[in-house]
Amino acid sequence: MTGSMEAGMIDSSPEELSRYARLKTQFRIGLPPVLVFFVFLGLWYVVTYFVLSADRRWLLPPPHQVVAEGFFVGSTVTEILNGLWQSTKVALMGLGLAFLFGFSMALAMSQAKWIERSLYPWAVASQTVPILALVPMIGFWFGFGVLARVIVCFIISLFPIIINSLTGLLSADRELHSLFTLHNASRWRRATRLQIPAALPHIFTGLRTAAGLSVIGAIVGDFFFGRGEPGLGLLLDKYASRLQSEELFTTVFVACLLGIAVFWGFGYLGRRTVGDWDPYWAEEGLT
Amino acid sequence: MAANPLITFTDVSVRFGHITAINAFTHSVDSGEFVSLVGPSGCGKSTVLRLASGLIQPTTGDIERSTDNVGYVFQDPTLMPWRTVRKNVELLGELEDIDPGERRQRADEVLELVGLSDFANHYPLQLSGGMKMRASLARSLLLEPDLFLFDEPFGALDQISRARLNDELIALYADRRFGSIFVTHSVDEAVYLATRVLVMCSRPGKIVAEFSVPFDYPRDPSIRYSPEFTKIAGSVAEALEEAS
Numbered sequence: 005m006t007g008s009m010e011a012g013m014i015d016s017s018p019e020e021l022s023r024y025a026r027l028k029t030q031f032r033i034g035l036p037p038v039l040v041f042f043v044f045l046g047l048w049y050v051v052t053y054f055v056l057s058a059d060r061r062w063l064l065p066p067p068h069q070v071v072a073e074g075f076f077v078g079s080t081v082t083e084i085l086n087g088l089w090q091s092t093k094v095a096l097m098g099l100g101l102a103f104l105f106g107f108s109m110a111l112a113m114s115q116a117k118w119i120e121r122s123l124y125p126w127a128v129a130s131q132t133v134p135i136l137a138l139v140p141m142i143g144f145w146f147g148f149g150v151l152a153r154v155i156v157c158f159i160i161s162l163f164p165i166i167i168n169s170l171t172g173l174l175s176a177d178r179e180l181h182s183l184f185t186l187h188n189a190s191r192w193r194r195a196t197r198l199q200i201p202a203a204l205p206h207i208f209t210g211l212r213t214a215a216g217l218s219v220i221g222a223i224v225g226d227f228f229f230g231r232g233e234p235g236l237g238l239l240l241d242k243y244a245s246r247l248q249s250e251e252l253f254t255t256v257f258v259a260c261l262l263g264i265a266v267f268w269g270f271g272y273l274g275r276r277t278v279g280d281w282d283p284y285w286a287e288e289g290l291t
Numbered sequence: 016m017a018a019n020p021l022i023t024f025t026d027v028s029v030r031f032g033h034i035t036a037i038n039a040f041t042h043s044v045d046s047g048e049f050v051s052l053v054g055p056s057g058c059g060k061s062t063v064l065r066l067a068s069g070l071i072q073p074t075t076g077d078i079e080r081s082t083d084n085v086g087y088v089f090q091d092p093t094l095m096p097w098r099t100v101r102k103n104v105e106l107l108g109e110l111e112d113i114d115p116g117e118r119r120q121r122a123d124e125v126l127e128l129v130g131l132s133d134f135a136n137h138y139p140l141q142l143s144g145g146m147k148m149r150a151s152l153a154r155s156l157l158l159e160p161d162l163f164l165f166d167e168p169f170g171a172l173d174q175i176s177r178a179r180l181n182d183e184l185i186a187l188y189a190d191r192r193f194g195s196i197f198v199t200h201s202v203d204e205a206v207y208l209a210t211r212v213l214v215m216c217s218r219p220g221k222i223v224a225e226f227s228v229p230f231d232y233p234r235d236p237s238i239r240y241s242p243e244f245t246k247i248a249g250s251v252a253e254a255l256e257e258a259s
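These protein sequence lines are chains G and P, in that order. Counting from 1 along the first sequence, just add 4 to a position and that's the residue number in my numbering. Counting from 1 along the second sequence, just add 15 to a position and that's the residue number in my numbering.
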């Protein structure tokens, strides 16, 4: 009895120690960025109150004023949240379509060299097209509503999905392919049991990059199409034209937060799915 | 033991473009025979294994194989990182459509055999080099092949893991007597494992010398220091020197 209790006590103390050590590590990792944030805020105040004269202070209102008017005025909050919802919806729809189409394209390319050779240059071309040049045409063809915005997101996020999926699908070990050949595996088996699982880590990398781009696409599309339910882009345009700088800043922050959220979200998904066995995503789990 | 050829190469040559990788290769491996193949780098040892497995076809000549149950162990463990050790070992059973219960039971048996039972649910990421190679070996044991092809499987391991895996392979062979072609760079390993050692030369690759190794199985590690072993290893090394 006593022995086991003692053992328990001895066991618990290193565990507590390690919890303390972990906290310390988290603190050490977390502290510098937080300090940078405060330095940033400090600089902001300096510019607002010491660089700008009072009549030009609206160019950069102080942080507390941005927070007060952007985050605590009911009508503004509703408007920005609605915009956020619109933009998120558009970005995710575009990303979803880009994933379905891009992954299918990569899968086809991974099955035959001639398909890869025929499609690869066009995949590269899709990335080099300046999206802003296409925007008027997209509006022309698909109207200025949700569909046109989704298409902008689709085009902008397609390339990283195709390239990363293709790299992943082609990354399966040569000798594993040999084993599948020796045992007369069908194309379907080779794809589902070898190529697709091998591609997963790359697919998540592609999705994460594409998600960030898709958010940019949603805001840019919104900005230019200017009709329909206002997303974050339209709000930016509106606040800028009315010189509502507090609301403008808030919208910018919300747009940044959306970008960070999708990046983190897909990172989380990647860690959960492949973090157990893929060295890159396992490392990602620590940060 | 009556000669019962498992695989016979008759006047085989392989050309890749203008390069003749293998020329006039004639040899046979009997069932239950453990043959080591040594030779300078790039002499076509791996090509011989690819031919034997049927992964590539000879340009001219003929290969006859009396079994389709061939196990292949590669230079790298080539495990699937997304599968646990047990699931990796089950792979060939899956490809041969063995039902899941049977597959799993066999996997557990071969894992026991290579001493990895405790690691069945680990991912390859969590294993050492020697353990990964053991898992790879277990994978190829699942279908109990009649002919084993080893492409320098222990080359990347440290000395101690390598010696241990040599002994484990000898124990497996003593128990099951599968036919084997074992490619290696190490003369010591070649002699220690095999009933027969073949020396290849390069450009074009063909067999230039052959030595039989008289020791019984299972072999005791100490035979490595016996005069007879040293003598055979010396002759093999000399032939290898000439071939290079």
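Glycine included, each C-beta is placed from N, C-alpha and C at the ideal position.
- [ ] Can you give me the Cβ contacts of Phe49/P inside the same chain, cut-off strictly under 8 Å, excluding the 5 residues immediately before and after it?
- [x] On the second sequence, position 34 is the one that residue 49/P refers to. Around Phe49/P: Tyr188, Gly194, Ser195, Phe197, Leu208, Ala209, Thr210, Arg211.
Task: Per-residue DSSP class, three states only, for Ile159/G - done: Here residue 159/G refers to the residue found at position 155 when the first sequence is read from its first residue. Of the three classes helix, strand and coil, the one that applies to Ile159/G here is helix, per DSSP.
- [ ] Please name the residue in Ala110/G, Val156/G, Phe228/G whose C-alpha comes closest to that of Leu204/G.
- [x] The residue you call residue 204/G lines up with position 200 of the first sequence. The option with the nearest alpha carbon to Leu204/G is Ala110/G.
- [ ] Alpha carbon to alpha carbon, how far is Thr80/G from Glu233/G? Give it in angstroms, no decimals.
- [x] Locating residue 233/G in the first sequence gives position 229, counting from the first residue. Locating residue 80/G in the first sequence gives position 76, counting from the first residue. Put simply, the backbone Cα of Glu233/G is about 15 Å away from that of Thr80/G.
Task: Arg171/P to His200/P span [Cα, whole Å] - done: What you label residue 171/P is simply residue 156 of the second sequence in a count that begins at 1. What you label residue 200/P is simply residue 185 of the second sequence in a count that begins at 1. Correcting the residue identity first, residue 171/P is Ala in this sequence and not Arg. Near 11 Å, if we compare the C-alpha coordinates of His200/P and Ala171/P.
Task: Cα-Cα separation, Gly271/G to Glu288/G - done: The count along the first sequence starts at 1 and reaches residue 271/G at position 267. The count along the first sequence starts at 1 and reaches residue 288/G at position 284. For Gly271/G and Glu288/G, the distance between alpha carbons rounds to 8 Å.
Task: Closest residue to Arg191/P among Glu159/P, Pro73/P, Glu117/P, Gly108/P (Cα-Cα distance) - done: Taking the second sequence and counting its residues from 1, the one referred to as residue 191/P is at position 176. Considering only alpha carbons, the answer is Glu159/P.
Open item on the list: Just verifying my parser: in three-state terms, what is the DSSP assignment at Leu142/P?
Closed with: Here residue 142/P is taken as the residue at index 127 of the second sequence, counted from 1. Coil, per DSSP.
TODO: Flag Thr82/G as yes when its Cβ comes closer than 7 Å to any non-hydrogen atom of the ligand SAM, and as no otherwise.
DONE: This structure lacks the ligand SAM, and indeed carries no ligand of any kind.
- [ ] Return the chain-ordered ranges of every beta strand (DSSP E) run that is complete within the region 66–140 of chain P and spans a minimum of 3 residues.
- [x] 75–80, 85–88
- [ ] For Leu193/P, go through chain G and note every residue whose CB falls closer than 9 Å to its CB, in chain order.
- [x] Residue mapping note: residue 193/P aligns to position 178 of the second sequence, counting from 1. Here the sequence assigns Phe to residue 193/P, which means Leu is not the residue at that position. Within 9 Å Cβ-Cβ: nothing; Phe193/P doesn't reach chain G, min ~16 Å.
Task: Within 8 Å, strictly: CB atoms of Val100/P and His42/P - done: Within the second sequence, numbered from 1, the residue matching residue 100/P stands at position 85. Within the second sequence, numbered from 1, the residue matching residue 42/P stands at position 27. Not in contact: Val100/P and His42/P (Cβ atoms no closer than 8 Å).
TODO: Mind listing the chain P neighbours of Glu179/G? Cutoff is C-beta to C-beta under 9 Å, in chain order.
DONE: Position 175 of the first sequence holds residue 179/G. For Glu179/G, the chain P residues whose Cβ falls inside 9 Å of its Cβ are Tyr87, Phe89, Gln90, Asp91, Thr93, Asp166, in order along the chain.
Open item on the list: In the DSSP output, what is Thr132/G paired with across the bridge?
Closed with: The count along the first sequence starts at 1 and reaches residue 132/G at position 128. Bridge partners of Thr132/G: none, in fact.
Open item on the list: Can you check whether the C-beta of Val70/G is within less than 8 Å of a C-beta belonging to chain P?
Closed with: Indexing the first sequence from 1 puts residue 70/G at position 66. With 8 Å as the cut-off, Val70/G does not count as an interface residue toward chain P.
Task: Run of the alpha helix (DSSP H) containing Gly271/G, from where it starts to where it stops - done: Position 267 of the first sequence, counted from the start, is the residue given in the question as residue 271/G. Element bounds for Gly271/G: 249–278.
TODO: Note down, one range per segment and in chain order, each alpha helix (DSSP H) of at least 4 residues found wholly within the region 150–202 of chain P.
DONE: For the alpha helix (DSSP H) assignment, the uninterrupted runs of no fewer than 4 residues enclosed by the region 150–202 of chain P are, from N- to C-terminal side, 174–191.
Open item on the list: So that I know if they touch, is there some Cβ in chain G lying closer than 8 Å to that of Glu111/P?
Closed with: Taking the first residue of the second sequence as 1, we reach residue 111/P at position 96. It does; some Cβ of chain G falls within 8 Å.
Open item on the list: Between the alpha carbons of Asn103/P and Ser155/P, how many angstroms are there, rounded?
Closed with: Numbered from its first residue, the second sequence carries residue 103/P at position 88. Numbered from its first residue, the second sequence carries residue 155/P at position 140. Taking the straight line joining both Cα atoms gives about 10 Å.
TODO: Apply the 10 Å Cβ neighbour rule to Arg191/G and answer buried if 16 or more other Cβ atoms are within range, or exposed otherwise.
DONE: Position 187 of the first sequence, counted from the start, is the residue given in the question as residue 191/G. The residue in question, Arg191/G, is exposed, as its Cβ has fewer than 16 Cβ neighbours within 10 Å.
Task: Cβ distance (whole Å) where Leu138/G is taken to contact Ile159/G below 8 Å - done: Counting from 1 along the first sequence, the entry for residue 138/G is found at position 134. Counting from 1 along the first sequence, the entry for residue 159/G is found at position 155. Yes, they are in contact, since the Cβ atoms of Leu138/G and Ile159/G sit about 7 Å apart, within 8 Å.
Open item on the list: Under 8 Å, with one C-beta from each stretch per pair, do the region 175–183 of chain G and the region 84–101 of chain P reach the 3-pair mark?
Closed with: yes
Task: Candidates Arg80/P, Thr62/P, Leu157/P, Ser151/P, of which the one nearest Glu109/P by Cα - done: Counting from one through the second sequence, the residue named residue 109/P turns up at place 94. Out of Arg80/P, Thr62/P, Leu157/P, Ser151/P, Leu157/P has the C-alpha closest to the C-alpha of Glu109/P.
- [ ] Would you mind reading off the limits of the alpha helix (DSSP H) that contains Thr245/P?
- [x] Within the second sequence, the letter at position 230 stands for residue 245/P. Start and end: 242–258.
Open item on the list: Below 8 Å, how does it come out for the region 138–152 of chain G and the region 62–75 of chain G: are there three or more Cβ pairs, yes or no?
Closed with: no
- [ ] Rounded to whole angstroms, what's the CA-CA distance from Ala67/P to Pro168/P? Just pull it up for me.
- [x] On the second sequence, residue 67/P is found 52 positions in, with the first residue counted as 1. On the second sequence, residue 168/P is found 153 positions in, with the first residue counted as 1. Cα to Cα, the separation comes out at about 17 Å.
Open item on the list: Within the continuous alpha helix (DSSP H) that includes His33/P, where are the two ends?
Closed with: What you label residue 33/P is simply residue 18 of the second sequence in a count that begins at 1. Looking at the DSSP string, His33/P is not in any alpha helix (DSSP H), and its letter there is neither H nor E.
Task: Neighbourhood of Met9/G by C-beta distance below 7 Å, restricted to the same chain and skipping five residues each side - done: For the purposes of this step, residue 9/G is identified with residue 5 of the first sequence, where counting begins at 1. Legend: pLDDT at Met9/G = 41, less than 50; position of this residue unreliable, value from coordinates given subsequently. Here the set comprises nothing.
- [ ] Compare the beta carbon distance of Arg30/P and Thr62/P with 8 Å and say whether it is the shorter of the two.
- [x] Position 15 of the second sequence holds residue 30/P. Position 47 of the second sequence holds residue 62/P. No. Outside cutoff.
Open item on the list: Please tell me whether Leu140/P and Trp285/G are closer than 8 Å, where the distance is taken between their beta carbons.
Closed with: As a position in the second sequence, residue 140/P is number 125, starting the count at 1. As a position in the first sequence, residue 285/G is number 281, starting the count at 1. For Leu140/P and Trp285/G, no; Cβs fall outside 8 Å.
Open item on the list: Looking only at its chain, what residues have a beta carbon closer than 7 Å to the beta carbon of Val202/P, apart from the 5 residues adjacent to it on each side?
Closed with: In the second sequence, counting from the first residue as 1, residue 202/P sits at position 187. Cβ within range, chain order: Val53, Ala248, Val251, Ala252, Leu255.
Task: is_contact[Ser143/P, chain G] using C-beta, thresh 8 Å - done: Within the second sequence, numbered from 1, the residue matching residue 143/P stands at position 128. No, Ser143/P lies away from the interface with chain G (no Cβ there is under 8 Å from its Cβ).
Task: Short-range partners of chain G found in the region 59–70 of chain P, where Cβ spacing is below 9 Å - done: Arg65, Ser68, Gly69, Leu70
- [ ] Quick one: which residues of the region 122–148 of chain P get their C-beta closer than 8 Å to a C-beta of chain G? List them in chain order.
- [x] Correct list: Tyr138, Pro139, Leu140.
Open item on the list: Suppose contacts are defined by Cβ-Cβ distances below 8 Å. Is Asn168/G in contact with Ile223/G by that definition?
Closed with: As a position in the first sequence, residue 168/G is number 164, starting the count at 1. As a position in the first sequence, residue 223/G is number 219, starting the count at 1. Not in contact: Asn168/G and Ile223/G (Cβ atoms no closer than 8 Å).
Open item on the list: What would DSSP say about Pro283/G, mapped onto helix, strand or coil?
Closed with: To locate residue 283/G, count along the first sequence from 1; it is residue 279. Note: Pro283/G maps to helix in three-state DSSP.
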